[in-house]
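The block underneath contains the structure these notes are about, expressed in structure tokens.
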Amino acid sequence: MATVEFDPQPSQAYAALEKAGAEKLLDAIDDAIDALEAEPGSATGRRSFGGGLWGIPVRDRTDDWLIIWEREPTSDDLIIIRYLGTDPFA
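Each residue of the sequence shown is one higher than the one before, counting from 4 in my numbering.
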């Protein structure tokens with residue numbers, strides 16, 4: 004099982020969703036992060052952006068969001084969320 008940490012921008016985006024009461028989108032994000040923690044090597048539902056960056060699209064009824072993450076180069080068990088926000092590719 005991997006550990007997931009957030010860079011400042013995704014942490015702020017997550018906090019803003021909590022403040023806005025976006026429960027369904029937060030649930031979808033939490034589910035994606037839980038799956039990432041459990042099986043970081045699985046490519047199911049993920050996009051490669053090259054350079055070690057991966058994306059997981061997250062959707063609720065009205066919004067398309069994207070989680071961009073990478074493994075910490077010095078640790079196989081640490082994943083860093085680099086971006087959390089609207090999906091610019093949707």
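Every residue, glycine too, gets a C-beta built ideally from N, C-alpha and C. Owing to the predicted nature of the structure, the values given are computational and were not obtained by experimental measurement.
Residue i classed as buried or exposed, judged by whether at least 16 other C-beta atoms fall within 10 angstroms
i     : result
Pro43 : buried
Ala16 : buried
Pro13 : buried
Residue nearest to residue i in terms of C-alpha spacing, selected from the options
i     : options                    : result
Asp66 : Thr6, Ala38, Asp30, Pro11  : Asp30
Val61 : Ser45, Ile70, Leu81, Glu40 : Ile70
Trp57 : Ile83, Ala93, Thr89        : Ile83
Separation of residue j from residue i, as counted between CA atoms
i     : j     : result
Ala5  : Ser51 : 19 Å
Ala18 : Arg74 : 23 Å
Pro11 : Tyr86 : 9 Å
Ser78 : Asp33 : 22 Å
Glu26 : Leu20 : 8 Å
Ser45 : Gly53 : 16 Å
Identified DSSP bridge partners for residue i
i      : result
Pro104 : Residue 104 is absent from the structure shown; the chain starts at 4 and stops at 93.
Ser51  : Trp57
Tyr17  : DSSP output for Tyr17 lists no bridge partner at all.
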